[in-house]
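Here the numbering used here is used: the first residue of the sequence shown is 1, the next is one more, and so on.
All C-beta atoms in this analysis are idealised placements derived from N, C-alpha and C, irrespective of residue type, glycine included.
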Amino acid sequence: TMAEQCNKLPWPENKWVAQLLVWYKKEQRDFPWRRELNVYNTWVCEVMSQQTSLTAVLPKYLEFILQLPTLESLSQCSEPKLRQLWAGLGYYARARNLQKGANFLLQQYNGLFPSKYEEWLRVPGCGPYTAAAISSICFSYPVACVDGNVVRVVSRLLGLGNEVWEASGQNKIRKFVNEFLPKNAPGDFNQAMMEMGAVVCKKKQPLCHICPIQFSCIAYAKGIVATCPPNKPRRDFVNEKIYGFV
Ligand code: SF4
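Structure, rendered in structure tokens:
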């Protein structure tokens with residue numbers, strides 16, 4: 001298995017998950033949605049932060065929760081008001097889907113929240129990432145989240161090359177995080193991986209010198225962090241044109 005493969009790494013002992021969780025407990029940024037667990041708030045935050053950083057989301061999130069604190073208030077919100085509350089976040093379709101999701105939960109679940117990943121997948125606007133985030137963070141459902149941050153961190157841990165942009169690489173990453181996901185702390189593990197990607201294992205200039213899982217990182221050991229994962233390959237239209245002309 002992937003876990004066995006990782007345990008064969010030449011480093012003393014593979015304790016990276018434990019190290020990661022200790023680091024997250026100590027170093028996580030202080031956000032209101034982390035202070036008090038609330039399913040509705042977590043859902044709003046996860047949808048808002050899909051294409052936007054958490055620091056940019058913060059003021060919009062606070063205003064949104066203040067104005068629309070419940071499923072009922074979100075469901076009844078007028079389109080202009082919803083637009084105004086979403087302004088600046090972009091991708092307004094996400095707000096519309098959030099409202100559709102609120103209607104769905106009110107009708108199908110009597111205003112309660114489901115606890116399973118598979119149930120959240122049926123909520124309008126909830127894809128695999130959002131469903132995994134809410135079910136694991138709020139209900140300790142054992143499923144791993146895979147977003148851009150997680151893809152980058154795992155690519156580096158495993159020293160992946162171009163395969164990261166292919167289905168085989170994406171499957172490898174998904175399998176890896178699901179195998180290592182601690183069943184007693186899936187929400188913390190998911191949040192820790194994303195936090196790691198956001199503040200330490202950053203796309204540009206990652207802070208390897210303070211990284212708590214550096215001892216398990218293949219890209220670091222090989223000195224290939226700067227090019228791992230490689231940029232997404234693009235079709236080279238310029239060359240195609242030249243060949244056409246020749
Ligand atoms: Fe990322 Fe560097 Fe840590 Fe590896 S050692 S996981 S590249 S921050």
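Check whether the Cβ atoms of Tyr-141 and Ser-115 sit closer than 8 Å, and answer yes or no. yes
Suppose the cutoff is 6 Å on Cβ atoms and the five residues either side in sequence are ignored; what does the same chain contact list for Cys-77 look like? Leu-68
Give me the Cα-Cα distance between Ala-87 and Lys-100, rounded to the nearest whole angstrom. Those two C-alpha atoms are separated by around 18 Å.
Cβ of Tyr-220 within 7 Å of any heavy atom in the ligand SF4? yes
Distance CB(Val-17)-CB(Pro-182) smaller than 8 Å: Yes; because the gap between Cβ atoms is below 8 Å, this pair is in contact.
Using a Cβ-Cβ cutoff of less than 7 Å, which residues in the same chain neighbour Lys-15 once the five nearest sequence positions on both sides are dropped? none
If I follow the unbroken alpha helix (DSSP H) through Thr-55, where does it start and stop? 54 to 67
Let me make sure I understand the geometry here. Which of Val-44, Leu-58, Gln-50, Val-47 has the alpha-carbon closest to that of Asp-30? With distances taken between Cα atoms, Asp-30 lies closest to Leu-58.
Are the beta-carbon atoms belonging to Val-143 and Pro-186 less than 8 Å from one another? In this structure, Pro-186 lies closer than 8 Å to Val-143 by Cβ.
Would you call the region 203 to 223 and the region 31 to 48 touching, i.e. three or more CB-CB distances under 8 Å? no
Asn-190 versus Ser-136: straight-line alpha-carbon distance, rounded: 8 Å
Determine, using beta-carbon pairs with one atom in the region 208 to 220 and one in the region 146 to 160, whether at least three such pairs fall under 8 Å. With the cut-off at 8 Å, the region 208 to 220 and the region 146 to 160 touch.
Among residues of its own chain, excluding the 5 on either side of Tyr-243, which ones have a beta-carbon nearer than 6 Å to its beta-carbon? Reliability of the predicted coordinates at Tyr-243 is poor, the pLDDT of 45 falling under 50, and no value is obtained from them.
In angstroms, rounded to a whole number, what distance separates the CA positions of Asn-97 and Val-177? Answer to the nearest angstrom: the Cα atoms are 28 Å apart.
Short of 6 Å in beta carbon distance, which residues of its chain neighbour Trp-165, apart from the five on each side in sequence? Order them along the chain. Lys-232
For the alpha helix (DSSP H) containing Glu-118, name the first residue and the last one. 117 to 120
Report the residue from Met-48, Glu-72, Phe-64, Cys-45 whose alpha carbon sits nearest the alpha carbon of Asn-110. Glu-72
Near the ligand SF4: Ile-173 beta-carbon under 7 Å from a heavy atom: no
By Cβ distance, which residues of its chain are closer than 8 Å to Gln-250, with the 5 residues on each side in sequence left out? Nothing can be reported for residue 250, as the shown portion of the chain is limited to 1 through 246.
Please determine whether the Cβ atom of Met-22 lies at a distance below 7 Å from any heavy atom of the ligand SF4. Reading the sequence as shown, one finds Val at residue 22 and not Met. Answer for Val-22: no, Cβ out of range of the ligand SF4.
Report the residue from Ser-53, Ala-226, Asn-41 whose alpha carbon sits nearest the alpha carbon of Leu-74. Taking only the C-alpha atoms, the option nearest Leu-74 is Asn-41.
Is any heavy atom in the ligand SF4 found nearer than 7 Å to the beta carbon of Gln-84? No - the ligand SF4 has no heavy atom lying nearer than 7 Å to the Cβ of Gln-84.
Would you say Asp-188 and Leu-21 are within 8 Å of each other, going by their C-beta atoms? yes
Between Ile-153 and the ligand SF4, is there a pair consisting of the residue's CB and a ligand heavy atom that are separated by less than 7 Å? As written in the sequence, residue 153 is Val, which differs from the Ile given in the question. Yes, the ligand SF4 has a heavy atom inside 7 Å of this Cβ.
Among Glu-63, Leu-106, Glu-46, Pro-212, nearest to Val-146 - alpha-carbon criterion: Of Glu-63, Leu-106, Glu-46, Pro-212, the residue nearest in Cα terms is Glu-46.
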